[in-house]
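In mature numbering (1 follows the signal peptide of the UniProt record, and there is no 0), the protein residues as written are -19 to -1, 1 to 324. The structure under discussion appears below in the form of structure tokens.
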């Protein structure tokens, strides 16, 4: 409760001075900052029955969702200029792009009110290509991500289905193992990754959820969100569980930097700063092993140094031996990783 009170007070202060911008500046669809903020706060408080009621009001609209509105942008170190392909093109991907069957593939899925050109894709894709040569497949579902949150949220199973089918088509056309694929999704994109994982029989190497979206997703319904069984390994980094993100664990391993609610350096700005900080952390983590986390029962135990003797773990690295909740602290500005601490 104290976190909720703090959030409401903080939000009332920041609205008058700093825009609440969950949108990339290339995808401003005309919603006011207050519209976006109010929608998130109201929807976060809804229960399962209310969510189901919302779904019934847009079922007819959902029937119009088309795979033709979703694109896949292919790049790697041999061709940094991304090439757009469609789901229908998946079986011809090597002739239409520089997709390299000798490389592993990372699929990135942006979140609500973002596009293929969003900062998330730029940071994560570049970080991967700076450290290793992989195929990057950036999913663009802007047509639906640009809708009001309720509509965007309920398109998630459909978009996840398209992504999963894309993966299956590439795999079957070229005998390219499903284990060569991993997905990194932010916000609603994290849950899209979960559905894609389900459609590929949980065979993907890994899914990383970056502050998976919270409103209208429920702990009691793992099949309708990102969950531990959606890939061979699932991890999540939670940075705004208070408002935009889920406030429960979803993966094999869940990381909660600074407690996972509000991130340092974001207190006097829009809370979307905390939501987006997840992909800033992750892109940095791909280039460093200094996000040192510890397994703890709670963040309070962590800051009280009650987990000091617990073996260290590295946030962001796919480590299939890690399970449970992990805590760490970060800097308020780049570089965010603090390395060894006294906690």
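Glycine included, each C-beta is placed from N, C-alpha and C at the ideal position. Note that the structure is predicted; figures quoted are calculated from it, not measured.
Work out the CA separation of residue j and residue i for me, nearest whole Å.
i, j, result
"residue 78", "residue 177", "22 Å"
"residue 314", "residue 229", "26 Å"
"residue 105", "residue 166", "10 Å"
"residue 25", "residue 75", "42 Å"
"residue 46", "residue 136", "8 Å"
"residue 18", "residue 130", "11 Å"
"residue 72", "residue 145", "14 Å"
"residue 270", "residue 117", "22 Å"
"residue 64", "residue 94", "22 Å"
"residue 6", "residue 290", "For residue 6, the predicted structure reports a pLDDT of 35, less than 50, and the residue's modelled location is therefore unreliable. A value from the coordinates is still provided. If you take the alpha carbons of residue 6 and residue 290, they lie about 45 Å apart."
"residue 53", "residue 66", "5 Å"
"residue 27", "residue 310", "31 Å"
"residue 279", "residue 61", "42 Å"
"residue -7", "residue 255", "Legend: pLDDT at residue -7 = 28, less than 50; position of this residue unreliable, no value from coordinates given."
"residue 244", "residue 257", "10 Å"
"residue 266", "residue 150", "31 Å"
"residue 70", "residue 324", "51 Å"
"residue 160", "residue 298", "17 Å"
"residue 282", "residue 317", "22 Å"
"residue 139", "residue 40", "12 Å"
"residue 224", "residue 115", "34 Å"
"residue 218", "residue 174", "14 Å"
"residue 288", "residue 240", "14 Å"
"residue 23", "residue 103", "31 Å"
"residue 163", "residue 320", "26 Å"
Out of the options, which one is the CA nearest neighbour of residue i?
i, options, result
"residue 233", "291, 246, 63 and 305", "305"
"residue 262", "98, 220, 197 and 65", "220"
"residue 120", "265, 48, 81 and 89", "89"
"residue 300", "282, 323 and 235", "235"
"residue 50", "125, 115 and 303", "125"
"residue 92", "100, 317 and 265", "100"
"residue 156", "81, 132, 310 and 174", "81"
"residue 285", "296, 292, 308 and 206", "308"
Is it buried or exposed, residue i, if we count other Cβ atoms within 10 angstroms and call 16 or more buried?
i, result
"residue 249", "The predicted model places residue 249 with a pLDDT of 44, which falls under 50 and marks its position as unreliable; any figure quoted below should be read in that light. Exposed, because fewer than 16 other Cβ atoms sit within 10 Å of the Cβ of residue 249."
"residue 194", "buried"
"residue 209", "buried"
"residue 42", "exposed"
"residue 142", "buried"
"residue 238", "buried"
"residue 196", "buried"
"residue 33", "exposed"
"residue 123", "buried"
"residue 312", "exposed"
"residue 303", "buried"
"residue 179", "buried"
"residue 322", "exposed"
"residue 294", "buried"
"residue 9", "Below a pLDDT of 50, predicted positions are generally treated as unreliable, and residue 9, at 41, falls in that range; no measurement from the model is reported."
"residue 127", "buried"
Starting from residue i, follow its DSSP beta bridges and name the residues at the other end.
i, result
"residue 89", "119 and 165"
"residue 216", "189 and 234"
"residue 275", "293 and 308"
"residue 226", "194"
"residue 64", "55"
Report yes if the C-beta of residue i is less than 8 Å from at least one heavy atom of the ligand PLP; otherwise report no.
i, result
"residue 122", "Only the bare structure without any ligand can be found here, which leaves the ligand PLP out of the picture."
For residue i, would you say it is in contact with chain C, using Cβ-to-Cβ distances shorter than 9 Å as the test?
i, result
"residue 263", "Protein chain content of the structure displayed is limited to a single chain, and chain C is not contained in it."
query: On the three-pair Cβ rule with 8 Å, is the segment 213 to 220 touching the segment 170 to 185?
result: yes
- prompt: So, do the segment 46 to 58 and the segment 106 to 118 have three or more beta carbon pairs nearer to each other than 8 Å?
  reply: yes
Inter-stretch contact at 8 Å, needing at least 3 Cβ pairs: the segment 187 to 194 / the segment 168 to 177: yes
Contact between the segment 200 to 208 and the segment 260 to 275 (3+ Cβ pairs under 8 Å): no
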